[in-house]
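Protein chains in written order, with my numbering: chain Y, 7 to 208; chain Z, 7 to 208.
What follows is a short report on a single structure.
Number of protein chains: 2
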Amino acid sequence: VSRRSGRRPGTSGTRAAILEVARRSFALSGYDRTTIRGIATEAGVDPALVAHFFGSKQRLFLAAMDLPFEPETVLPGILSGKRRTVGERFARFIVGILEDEQARSVLTGMVRAAASEPEAARMLRELISRRVVGPIAATLGEEDAELRATLVGSQVVGVVVARYVVAVEPLASLDPERLTAALAPNLQRYLTGPLSPPTSAA
Amino acid sequence: VSRRSGRRPGTSGTRAAILEVARRSFALSGYDRTTIRGIATEAGVDPALVAHFFGSKQRLFLAAMDLPFEPETVLPGILSGKRRTVGERFARFIVGILEDEQARSVLTGMVRAAASEPEAARMLRELISRRVVGPIAATLGEEDAELRATLVGSQVVGVVVARYVVAVEPLASLDPERLTAALAPNLQRYLTGPLSPPTSAA
Chain Y
7 VSRRSGRRPG TSGTRAAILE VARRSFALSG YDRTTIRGIA TEAGVDPALV
57 AHFFGSKQRL FLAAMDLPFE PETVLPGILS GKRRTVGERF ARFIVGILED
107 EQARSVLTGM VRAAASEPEA ARMLRELISR RVVGPIAATL GEEDAELRAT
157 LVGSQVVGVV VARYVVAVEP LASLDPERLT AALAPNLQRY LTGPLSPPTS
207 AA
Chain Z
7 VSRRSGRRPG TSGTRAAILE VARRSFALSG YDRTTIRGIA TEAGVDPALV
57 AHFFGSKQRL FLAAMDLPFE PETVLPGILS GKRRTVGERF ARFIVGILED
107 EQARSVLTGM VRAAASEPEA ARMLRELISR RVVGPIAATL GEEDAELRAT
157 LVGSQVVGVV VARYVVAVEP LASLDPERLT AALAPNLQRY LTGPLSPPTS
207 AA
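Written out as structure tokens, the structure reads:
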């Protein structure tokens, strides 16, 4: 929550409109090419107002790139159900998120920004550690829970990049049900399976 | 191979030096922030020479971002061995590539560029389809071989982003042997396992 929001009545609509434009711009153009001035123009407001609400491009990015779901609310429900089907529930949830155009736009925007801007990568790293890896590790109740969370994350971000950013076929146009089925057992193993071979010869 | 390379004796060293600088710059700064002029300055040559060798930033990118291995040579060897251990061979190969600093720099550069620049994403998509998905599909001899190749690709690119670009812990500093062991069964399933559940209830 921005310290400055809601000072005057009637500003929350403007703030939301700016965020909406910013979200689209970060997703479509990436962090580097997105400017406060460009966002202000597109939102039909003065650049000074954007600066007033958000301070800097970095802070605007952080506000715009908030996760399209509440991990603290959603993840415990997915992870605490029947252990044998946790991968399927997780896959269904993620594919559902990615099928939602605005949620997908936030996630691709995050990846684009992190890839082009070390500062955005740092912010995304903190966001993921605190709000995704933390809750997963706290709920999962498995050994190596944090590593498991980041392995799941690697598969999810890989789908975002391969399916939507690079858009390589046939993954790019794969039916969501088939994608869920393809991902589920792999997420299941990352979440609950052995991460090392039974007879370690390393 | 550039049409213009090797016209004069002694130019191949210069060309290689420009490529080396370009590779580093695309990887560190991303596509947008990399300029012909900047590369020329860093390589100690005239910008006109860079233009002479490569024509445009796009063509320079394509030359610099060539895959750090020959997929047509390497992949058949990995894929045509014992079927039961193909995931382990693939994981070991990829982790080995990523442990090599220059190869990793090329791969992270590709992802960074594709994420920030639609034209780079298009070039990467073509490169991957033609030189990675094609050879895998031709050698694998499984149903849905192209989909399998892109699912493997999604996991590999996800590791590149999560481990090196966003650098989220504990994945970022995971021991290469443990990473190989973590990835192998998941790549094995993508390459040879069933991609749909046995009793499809979709």
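Backbone N, C-alpha and C define an ideal beta-carbon position, used for all residues, glycine too.
For clarity, every value in this text was computed on a predicted model and none was experimentally measured.
Excluding sequence positions up to five away, which residues of its chain have a Cβ less than 7 angstroms from the Cβ of residue i?
{"i": "Ser-35(Z)", "result": "none"}
{"i": "Ala-120(Z)", "result": "Ala-126, Ala-127 and Leu-130"}
{"i": "Arg-169(Z)", "result": "Leu-177 and Ala-178"}
{"i": "Tyr-193(Z)", "result": "Checking the sequence shown, residue 193(Z) turns out to be Leu, not Tyr. If we look at Leu-193(Z) and ignore the five residues flanking it on each side, its Cβ neighbours are Gly-93, Phe-96, Ala-97, Val-158 and Gln-161."}
{"i": "Pro-182(Y)", "result": "Val-101 and Glu-105"}
{"i": "Thr-156(Z)", "result": "Val-139"}
{"i": "Ala-208(Y)", "result": "Caution applies to Ala-208(Y), whose pLDDT of 48 falls short of 50 and renders its modelled position unreliable; the model cannot decide the point."}
{"i": "Ala-143(Z)", "result": "Ala-151, Glu-152 and Ala-155"}
Determine the DSSP secondary structure at residue i, reduced to helix, strand or coil.
{"i": "Glu-107(Y)", "result": "helix"}
{"i": "Thr-79(Y)", "result": "helix"}
{"i": "Pro-182(Z)", "result": "helix"}
{"i": "Gly-19(Y)", "result": "helix"}
{"i": "Ser-202(Z)", "result": "coil"}
{"i": "Val-174(Y)", "result": "coil"}
{"i": "Glu-149(Z)", "result": "coil"}
{"i": "Ser-86(Z)", "result": "coil"}
{"i": "Ser-31(Z)", "result": "helix"}
{"i": "Val-51(Y)", "result": "coil"}
{"i": "Leu-66(Z)", "result": "helix"}
{"i": "Pro-124(Y)", "result": "helix"}
{"i": "Leu-73(Z)", "result": "coil"}
{"i": "Gly-61(Z)", "result": "coil"}
{"i": "Arg-13(Y)", "result": "For Arg-13(Y), the predicted structure reports a pLDDT of 44, less than 50, and the residue's modelled location is therefore unreliable. A value from the coordinates is still provided. Here Arg-13(Y) sits in coil by DSSP."}
{"i": "Thr-3(Z)", "result": "It is not possible to answer for residue 3(Z), since the shown part of chain Z is limited to 7 through 208."}
{"i": "Gln-40(Y)", "result": "Rather than Gln, the amino acid found at residue 40(Y) in this sequence is Thr. Correct three-state label for Thr-40(Y): coil."}
Can the beta-carbon of residue i be found closer than 8 angstroms to that of residue j?
{"i": "Val-92(Y)", "j": "Leu-81(Y)", "result": "no"}
{"i": "Gly-44(Z)", "j": "Ser-31(Z)", "result": "yes"}
{"i": "Leu-185(Y)", "j": "Val-101(Y)", "result": "yes"}
{"i": "Gly-159(Z)", "j": "Val-174(Y)", "result": "yes"}
{"i": "Thr-114(Z)", "j": "Val-51(Z)", "result": "no"}
{"i": "Leu-201(Z)", "j": "Ala-187(Y)", "result": "yes"}
{"i": "Val-112(Y)", "j": "Arg-29(Y)", "result": "yes"}
{"i": "Pro-74(Y)", "j": "Ile-103(Y)", "result": "yes"}
{"i": "Phe-67(Y)", "j": "Tyr-37(Y)", "result": "yes"}
{"i": "Gly-83(Z)", "j": "Gly-164(Y)", "result": "no"}
Rounded to whole angstroms, how far is the Cβ of residue i from the Cβ of residue j, which I believe are closer than 8 angstroms?
{"i": "Thr-198(Y)", "j": "Arg-98(Y)", "result": "Contact doesn't hold; Cβ gap of about 16 angstroms is too wide."}
{"i": "Leu-214(Z)", "j": "Ala-69(Z)", "result": "As shown, chain Z starts at 7 and ends at 208. That puts residue 214(Z) outside it, with no answer to give."}
{"i": "Val-162(Y)", "j": "Val-167(Z)", "result": "About 10 angstroms separates the two Cβ atoms, so there is no contact after all."}
{"i": "Leu-180(Z)", "j": "Leu-153(Y)", "result": "7 angstroms"}
For a contact meaning CB atoms closer than 7 angstroms, what does residue i contact in chain Y?
{"i": "Glu-48(Z)", "result": "None at all; the shortest Cβ gap to chain Y is about 19 angstroms."}
{"i": "Val-101(Z)", "result": "Correct list: empty, because the minimum Cβ distance to chain Y is about 12 angstroms."}
{"i": "Arg-195(Z)", "result": "Pro-191 and Asn-192"}
{"i": "Val-112(Z)", "result": "The premise fails here: Val-112(Z) is roughly 14 angstroms from chain Y at the closest Cβ pair, so nothing lies under 7 angstroms."}
Give the interface partners of residue i over in chain Y, defined as CB-CB distance under 9 angstroms, in chain order.
{"i": "Lys-97(Z)", "result": "One detail in the question is off: residue 97(Z) reads as Ala in this sequence, not Lys. By Cβ distance, chain Y contributes nothing, its closest Cβ being about 11 angstroms from Ala-97(Z), past 9 angstroms."}
{"i": "Arg-184(Z)", "result": "Leu-153, Leu-201, Ser-202 and Ala-208"}
{"i": "Val-27(Z)", "result": "Residues of chain Y passing the Cβ test: none, with the nearest at roughly 19 angstroms."}
Name the chain Y residues whose beta carbon is nearer than 8 angstroms to that of residue i?
{"i": "Gln-161(Z)", "result": "Ser-160, Gln-161, Gly-164 and Asn-192"}
{"i": "Ala-143(Z)", "result": "Simply none; closest approach about 10 angstroms."}
{"i": "Val-92(Z)", "result": "What Val-92(Z) touches in chain Y: nothing, since even the nearest Cβ is about 15 angstroms away."}
{"i": "Val-80(Z)", "result": "Simply none; closest approach about 19 angstroms."}
What residues from chain Z crowd round residue i, counting only those whose CB sits closer than 9 angstroms?
{"i": "Thr-156(Y)", "result": "Ala-168, Arg-169, Val-174, Glu-175, Pro-176, Leu-177, Ala-178 and Leu-180"}
{"i": "Asp-296(Y)", "result": "With chain Y covering only 7 through 208, there is no way to say anything about residue 296(Y)."}
In chain order, what residues of the same chain have a beta carbon less than 8 angstroms from the beta carbon of residue i, not counting five sequence neighbours either side?
{"i": "Leu-55(Y)", "result": "Thr-20, Ile-24 and Ala-46"}
{"i": "Ser-122(Z)", "result": "Gly-36, Tyr-37 and Asp-38"}
{"i": "Thr-145(Y)", "result": "Leu-81, Pro-82, Leu-85 and Ser-86"}
Which chain Z residues are close to residue i, counting only those with a beta carbon under 7 angstroms from its beta carbon?
{"i": "Leu-130(Y)", "result": "Val-172"}
{"i": "Ala-188(Y)", "result": "Leu-157 and Leu-201"}
{"i": "Val-117(Y)", "result": "Ala-121 and Val-167"}
{"i": "Val-51(Y)", "result": "Within 7 angstroms Cβ-Cβ: nothing; Val-51(Y) doesn't reach chain Z, min ~26 angstroms."}
Please list the partners that residue i has in chain B, where partner means a Cβ-to-Cβ separation under 9 angstroms.
{"i": "Ser-135(Z)", "result": "Among the protein chains in the structure shown, which are Y and Z, there is no chain B."}
Give me, in chain order, the residues of the same chain whose beta-carbon lies closer than 6 angstroms to that of residue i; leave out the 5 immediate sequence neighbours on both sides.
{"i": "Pro-53(Y)", "result": "Ile-42, Arg-43 and Ala-46"}
{"i": "Pro-141(Z)", "result": "Pro-77, Glu-78 and Leu-81"}
{"i": "Arg-137(Z)", "result": "Pro-77"}
{"i": "Ala-109(Z)", "result": "Pro-74 and Ile-103"}
{"i": "Thr-40(Z)", "result": "Ser-31 and Phe-32"}
Identify the contact partners of residue i in chain Z, using a Cβ-Cβ distance below 8 angstroms as the criterion.
{"i": "Ala-127(Y)", "result": "Val-171, Val-172 and Ala-173"}
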